[in-house]
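Following: one structure in structure tokens, then a few remarks.
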Amino acid sequence: MSDTGVMEEKAWWKEAVVYQLYPRSFSDSNGDGIGDLRGIMGKLDYLQWLGVNVVWLNPVYRSPNDDGGYDISDYRAIHPDFGTMEDFDLLLKEMHRRGIRLVMDLVVNHTSDEHPWFVESSKSADSPWADYYIWRKPGAAGEAPNDWLSFFEGPAWEYHPGRGEYYLHLFSRKQPDLNWENPRVREEVHGVMQFWLEKGIDGFRMDVINLISKAPGLPDSLPGSRSRIRGGEHFINGPGVVEYLREMGEKVLQGKDIMTVGETPDVDPETGLRYVGKPGGPLDLLFQFEHMDIDYGADGYWDIGAWSPSDLFAILSKWQRAMEGRGWNSLYLNNHDQPRQVSRLGNDGKYWRESAKLLAIFNHTLKGTPFIYQGEELGMKNVPLSDPGQIRDIGAANFYRRATAEGMDQGEVLRRLQYRSRDNARTPMQWDGTKHGGFTAGTPWIGMHPEYRDINVAVQQDDPGSILSCYRKLVALRSSHPLFVYGTFREVHGSSGGPIVYTRDGEPGSLLVILNWSNQEQPLEGRLTWLDALTAQYGNAELLISSYGDTVDRFARLNLLRPWEGAVYYLEA
Ligand code: TEU
Ligand code: CA
Numbered sequence: 016m017s018d019t020g021v022m023e024e025k026a027w028w029k030e031a032v033v034y035q036l037y038p039r040s041f042s043d044s045n046g047d048g049i050g051d052l053r054g055i056m057g058k059l060d061y062l063q064w065l066g067v068n069v070v071w072l073n074p075v076y077r078s079p080n081d082d083g084g085y086d087i088s089d090y091r092a093i094h095p096d097f098g099t100m101e102d103f104d105l106l107l108k109e110m111h112r113r114g115i116r117l118v119m120d121l122v123v124n125h126t127s128d129e130h131p132w133f134v135e136s137s138k139s140a141d142s143p144w145a146d147y148y149i150w151r152k153p154g155a156a157g158e159a160p161n162d163w164l165s166f167f168e169g170p171a172w173e174y175h176p177g178r179g180e181y182y183l184h185l186f187s188r189k190q191p192d193l194n195w196e197n198p199r200v201r202e203e204v205h206g207v208m209q210f211w212l213e214k215g216i217d218g219f220r221m222d223v224i225n226l227i228s229k230a231p232g233l234p235d236s237l238p239g240s241r242s243r244i245r246g247g248e249h250f251i252n253g254p255g256v257v258e259y260l261r262e263m264g265e266k267v268l269q270g271k272d273i274m275t276v277g278e279t280p281d282v283d284p285e286t287g288l289r290y291v292g293k294p295g296g297p298l299d300l301l302f303q304f305e306h307m308d309i310d311y312g313a314d315g316y317w318d319i320g321a322w323s324p325s326d327l328f329a330i331l332s333k334w335q336r337a338m339e340g341r342g343w344n345s346l347y348l349n350n351h352d353q354p355r356q357v358s359r360l361g362n363d364g365k366y367w368r369e370s371a372k373l374l375a376i377f378n379h380t381l382k383g384t385p386f387i388y389q390g391e392e393l394g395m396k397n398v399p400l401s402d403p404g405q406i407r408d409i410g411a412a413n414f415y416r417r418a419t420a421e422g423m424d425q426g427e428v429l430r431r432l433q434y435r436s437r438d439n440a441r442t443p444m445q446w447d448g449t450k451h452g453g454f455t456a457g458t459p460w461i462g463m464h465p466e467y468r469d470i471n472v473a474v475q476q477d478d479p480g481s482i483l484s485c486y487r488k489l490v491a492l493r494s495s496h497p498l499f500v501y502g503t504f505r506e507v508h509g510s511s512g513g514p515i516v517y518t519r520d521g522e523p524g525s526l527l528v529i530l531n532w533s534n535q536e537q538p539l540e541g542r543l544t545w546l547d548a549l550t551a552q553y554g555n556a557e558l559l560i561s562s563y564g565d566t567v568d569r570f571a572r573l574n575l576l577r578p579w580e581g582a583v584y585y586l587e588a
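Just remember that our numbering sits 15 ahead of the position in the sequence shown, which is counted from 1.
Structure representation (structure tokens):
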């Protein structure tokens, strides 16, 4: 029961833990230095051992690979780097045999410029594909149609001499935006979805899905807009998005027991509920970005700003309360676009182990569906960056070029990249202490993290005190205690500083989560009365998991929290 008195509707994707798998960096089966589908196949035992129920696979489609496979040139083909369609079919079958579901990435805000639709579209304004993309004539002085910027640096418009017009690309020049106003485009997308659903996949993670509708007339940016990118107020959460998704629901998704997750930068709970609020919201889950934007500096994404755990908690606490009884949260602290969470939000030095576990406990005890990004379960860290030659990601490479051209100090450029670059998340999975961490017998496409000999699956798998064991235990707790899934979130303390404390209430009893998200000891007693109130209310407190691997219950003596101490108690009613 939620506090609104409504029984939460049950769904497999609410009870699941999702493992996000970045195939290029997971496991290489043929020694070319690139992870592949057969490599994944060889690691299904590991995923099963970890206990995860769903895999979200980053794009494996045919692609010139300008943006890590997010530039697709054939939606119905597997990139040869990853294997063949037969490999895919076998992988899906093997996953299902082990009770693991598969969610595919759906990247349909844009295609590759090498997609046949774009190749045809760029030939002439009379082509049957002419209106598949967003084309506009140059201005009188040859200028671009408006002042919008691309997420990967520079203008969002590129002039195409073949057609004599500009096309819109919110990401790289090689990622032209599809024109969703064209019903034929929408039908094509539905067809692509149908193709994969017929294979038996279990859902879609929809890339930047709240960018698909652009404001009529494509106006210039509004001064003073708080959008994350210039012009964003005209293409993020645009006028037609919800309608397009409803249509997709009716034409494709209706009656199918699948999971849909929309990736949606710039949504607050109110906007978010348009997408996932029940009844009527067209999607199941969202990736909102508010807590990931917390450390932007004054100059935005490539600047580093101060943040505090209480600010981050306040954001997520707000989302928890907004979704209660109305929608469902997805829970994540990092992914393939974000720095490694232990480096960014924890302490990857002295309290590496404790802080990685605290973050894990946090992400698995909020209400929603937790996502684990590959390597997170080992406490993988950001990569030391000393040489621009290490850069692989397009966004990072473009920032390096611009900042250098603008005369930014090299040390500062590297410091920012080291902190923010998406390459941090993309170094290969660390399986064991052998050469290249057991990822490949060849040369990895991107450098290994130098600490792979100490931080890897083999070292952690049989160690009950390891980060990996903590994740495995959290996954198991979720499947044995319904409170982890359905208990109502209640903030006790933490949005304005000090220890973070919340409960998950339901029948029977409650979970109590206590987190000291800091490098210092923190007292509980004296300045807080809630603990007394709770202990009086409940008879028995059973320690379920702790970031210090405690086995002795410290509940009665919880007056002083150790640095990065995180603990979950089951309070019996
Ligand atoms: O990301 C969209 C997105 O807005 C950001 O995470 C973006 O990577 C960041 O702001 C850098 O500027 C999605 C995918 O997850 C990402 O990998 C793709 O590059 C992007 O869309 C384009 O498809
Ligand atoms: Ca390979």
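C-beta atoms are modelled at their ideal positions from N, C-alpha and C, and glycine is treated no differently. Owing to the predicted nature of the structure, the values given are computational and were not obtained by experimental measurement.
Check	Outcome
Inter-stretch contact at 8 angstroms, needing at least 3 Cβ pairs: the region 307-322 / the region 287-297	no
Residue range of the alpha helix (DSSP H) that includes P497	P497 to Y501
Distance between S187 and K29 (C-alpha atoms, nearest Å)	34 angstroms
F186 Cβ short of 6 angstroms to ligand 1 heavy atom set	yes
Y85 Cβ short of 6 angstroms to ligand 1 heavy atom set	yes
Cut-off 7 angstroms between Cβ atoms - residues of its own chain near Q476, not counting five sequence neighbours on either side	L483
beta-carbon N45 near ligand 2 non-hydrogen atom, thresh 6 angstroms	yes
Cβ pair count under 8 angstroms reaching 3, the region 208-223 against the region 96-108	yes
Identity of the residue in P74, N439, G66 and S325 nearest I309 by Cα	S325
Segment limits, beta strand (DSSP E) that includes T518	I515 to D520
Cα-Cα separation between D222 and V490, rounded to whole angstroms	26 angstroms
Inter-residue spacing [alpha-carbon to alpha-carbon] between Q209 and N413	36 angstroms
Cβ pair count under 8 angstroms reaching 3, the region 230-241 against the region 137-145	no
Check whether I227 and N124 have beta carbons under 7 angstroms apart	yes
Rounded distance between the beta-carbons of R116 and V75, thought under 8 angstroms	Actually they do not touch by this definition, with Cβ atoms about 16 angstroms apart.
Of the listed residues S495, K372 and L432, nearest to N531 (C-alpha basis)	K372
beta-carbon G410 near ligand 1 non-hydrogen atom, thresh 6 angstroms	yes
Endpoints, the alpha helix (DSSP H) within which A420 is located	I409 to A420
Residue(s) in a DSSP beta bridge with T384	S345
Test item: CB-CB of M274 and D314 under 7 angstroms	no
Opening and closing residue of the beta strand (DSSP E) in which Q389 lies	Where Q389 is concerned, there is no enclosing beta strand (DSSP E), given that its DSSP letter is neither H nor E.
Nearest to G564 (by Cα), restricted to the options N574, G521, Q405 and Y486	Y486
Cβ pair Q269, L36 closer than 7 angstroms	no
D51 beta carbon near ligand 4 (any heavy atom closer than 6 angstroms)	Ligands displayed in this structure: ligand 1 and ligand 2; ligand 4 is not among them.
Nearest-angstrom beta carbon gap, W195 and Y181 [assumed within contact, 8 angstroms]	Rounded, the Cβ-Cβ distance is 18 angstroms, inconsistent with contact.
Any non-hydrogen atom of ligand 1 within 6 angstroms of D222 CB	yes
At least three beta-carbon pairs within less than 8 angstroms, the region 492-500 to the region 77-87	no
Contact test: P280 Cβ vs ligand 1 heavy atom, cutoff 6 angstroms	yes
Three-way DSSP call (helix, strand, coil) for I319 in this model	strand
Local conformation of Q269 per DSSP, three classes	coil
D352 CB to nearest heavy atom of ligand 1 below 6 angstroms	yes
Own chain residues within Cβ distance below 8 angstroms of R355, not counting five before or after	N349, D363, G390, E391, M395, K396, N397, N439 and A440
Unbroken stretches of the alpha helix (DSSP H), 4 residues or longer, contained in the region 105-177	131-136
7 angstroms Cβ shell around R542 - same chain, five flanking residues per side excluded	In this predicted model, R542 has a pLDDT of only 49, less than 50, meaning its place in the structure is not dependable; the value taken from the coordinates is given anyway. Excluding positions up to five away in sequence, the list is empty.
Cross-strand partners of E557 (DSSP beta bridge)	Y585
Sheet register partners of V282 (DSSP bridge)	Answer by DSSP bridge pairing: none, since V282 is not bridged.
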